[in-house]
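*Asks:* Quick one: the structure is below, and I'll ask about it shortly.
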């Protein structure tokens, strides 16, 4: 988060909750429902921000949050990006 705060005019909302992904835990058929329950609070909090992007130091966690938001039928789920991608976009290094 400290690096992200260096980006001018960036609206940064920090959600300190588990996404529920946990490596293969979030994708295995046997544990998927539990992973979704674990991440529900985080995904709802992310959806409430209304931000266009979601990021995490774990790219799979960000994608899992977006998947959870889609399953909650929230309008316009955020796009998942790695923090480095957001920083590179902010400084015009990538499109």
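Numbering (our numbering), first residue to last: 20 to 114. Note that the Cβ used here is the ideal one computed from N, Cα and C, for glycine as well. The structure presented is a predicted model; accordingly, all values stated were derived computationally and were not measured.
For residue 64 and residue 30, which I take to be in contact (beta-carbon distance under 8 Å), what is that distance rounded to the nearest angstrom?
*Replies:* With a Cβ gap of about 15 Å, residue 64 and residue 30 do not count as contacting.
*Asks:* For residue 99, which three-state DSSP category applies?
*Replies:* Strand at residue 99.
*Asks:* Decide if residue 88 is buried, meaning its Cβ has at least 16 other Cβ atoms within 10 Å, or exposed.
*Replies:* Buried is the call here.
*Asks:* The alpha helix (DSSP H) that contains residue 57, what's its start and end?
*Replies:* Per DSSP, residue 57 belongs to the alpha helix (DSSP H) from 51-68.
*Asks:* On the DSSP bridge assignment, give the partners of residue 73 in chain order.
*Replies:* DSSP output for residue 73 lists 99 as bridge partner(s).
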